[in-house]
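Here the structure is laid out as structure tokens; the discussion comes afterwards.
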Amino acid sequence: MCWSATADLVVGSGIAAIGVVCVAGTRRFRDLPLAALPLLLGAHQIIESFIWRSGGGTGPATVAWAVIALPLLALWVPWAVLSAAPPARRRLLLPVLAGAATAASLAYRLATRPVTAEIRGHTLGYVLDLPHAELLVAGYLVATVGSLLLAGDRLLRLVGFLVAVGAAICATLWRLEFISTWCAFAAVCSVVLLGWTHRRPVTARTPMPYH
Numbered sequence: 498m499c500w501s502a503t504a505d506l507v508v509g510s511g512i513a514a515i516g517v518v519c520v521a522g523t524r525r526f527r528d529l530p531l532a533a534l535p536l537l538l539g540a541h542q543i544i545e546s547f548i549w550r551s552g553g554g555t556g557p558a559t560v561a562w563a564v565i566a567l568p569l570l571a572l573w574v575p576w577a578v579l580s581a582a583p584p585a586r587r588r589l590l591l592p593v594l595a596g597a598a599t600a601a602s603l604a605y606r607l608a609t610r611p612v613t614a615e616i617r618g619h620t621l622g623y624v625l626d627l628p629h630a631e632l633l634v635a636g637y638l639v640a641t642v643g644s645l646l647l648a649g650d651r652l653l654r655l656v657g658f659l660v661a662v663g664a665a666i667c668a669t670l671w672r673l674e675f676i677s678t679w680c681a682f683a684a685v686c687s688v689v690l691l692g693w694t695h696r697r698p699v700t701a702r703t704p705m706p707y708h
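Okay, so the sequence shown: first residue is 498 according to my numbering, each after it adds one.
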């Protein structure tokens, strides 16, 4: 999805449309944060199309892209999974805490250091001075992939598995563009989330007493 501005715009619009359907089909309020994830990922891809057209650099689009990719997703995903899967609350404690710590560290770095986008052939690379980068990547993956794998829901575990495989492939083939390519692959999982939202049960209502 990171091949060009046009690819980002077209695919991002498609993912955002899936997100609209996911949100519209959500029948329980606590499922909304996870159902809205494709909307966030779609917007993310669309923002990247503007970075392509501006030739990279350190403009507002680059900052917005980095805020979504780094602290926001690290925090959003585990909390959304926790909200949608309350029976798994105990085992999700680690991903939630890892996400909060990772997001705080990344947000601080984004607030105090510039982030730069660089066009590298048919993909974009993002440069940000991150101390202990390996530890931050580990915390990021525990928060995002880990929370999905521990959700207890079969389709959410499938999303986690797909994202984990995609992250491994992207890290192996495109080391310098890991975050960009990983987020692009994660957007594909929106289709699975669409199936998840449409098979979620309606919250049971307490029957009104008859007088």
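Where a beta carbon is used, it is the ideal one built from N, C-alpha and C, also for glycine.
### Query
Which of the three DSSP states, helix, strand or coil, is assigned to Thr620?
Translated into the one-based positions of the sequence shown, residue 620 becomes position 123. Residue state, collapsed to three classes: strand.
* To do: Quick one: grab the DSSP three-state call for Gly554.
  => Here the question's residue 554 lines up with position 57 in the sequence shown. Three-state result, Gly554: strand.
**Message:** I want to know whether the region 587–601 touches the region 544–557 - three or more CB-CB distances under 8 Å.
**Reply:** no
Whole-angstrom Cβ separation of Ile515 and Val688, contact assumed at under 8 Å? As a position in the sequence shown, residue 515 is number 18, starting the count at 1. As a position in the sequence shown, residue 688 is number 191, starting the count at 1. Right, their Cβ atoms sit about 7 Å apart.
**Asked** In chain order, what residues of the same chain lie with their CB nearer than 7 Å to the CB of Ala717, ignoring the 5 residues before and after it?
**Response** For residue 717 there is no data in the structure shown, the boundaries of the chain being 498 and 708.
* With 16 other Cβ atoms within 10 Å as the buried cut-off, status of Tyr605 -> One-based indexing of the sequence shown puts residue 605 at position 108. With fewer than 16 other Cβ atoms within 10 Å, it is exposed.
Can you tell me which of the three DSSP states Thr613 falls into? The sequence position of residue 613 within the sequence shown is 116, counting from 1. Three-state DSSP puts Thr613 in a strand.
**Prompt:** I think Gly552 touches Ile616, with their Cβ atoms under 8 Å apart; what is that distance to the nearest whole Å?
**Reply:** By 1-based counting over the sequence shown, the position of residue 552 is 55. By 1-based counting over the sequence shown, the position of residue 616 is 119. About 7 Å separates the two Cβ atoms, so the contact holds.
field: Proximity of Pro530 and Ser580 at Cβ, strictly below 8 Å
entry: Your numbering for residue 530 matches position 33 in the sequence shown. Your numbering for residue 580 matches position 83 in the sequence shown. Taking 8 Å as the Cβ cut-off, Pro530 and Ser580 qualify as a contacting pair.
Exercise for the section: Over the uninterrupted alpha helix (DSSP H) stretch that includes Arg696, give me the two end residues. Expected result: Numbered from its first residue, the sequence shown carries residue 696 at position 199. Where Arg696 is concerned, the enclosing alpha helix (DSSP H) stretches over 687–696.
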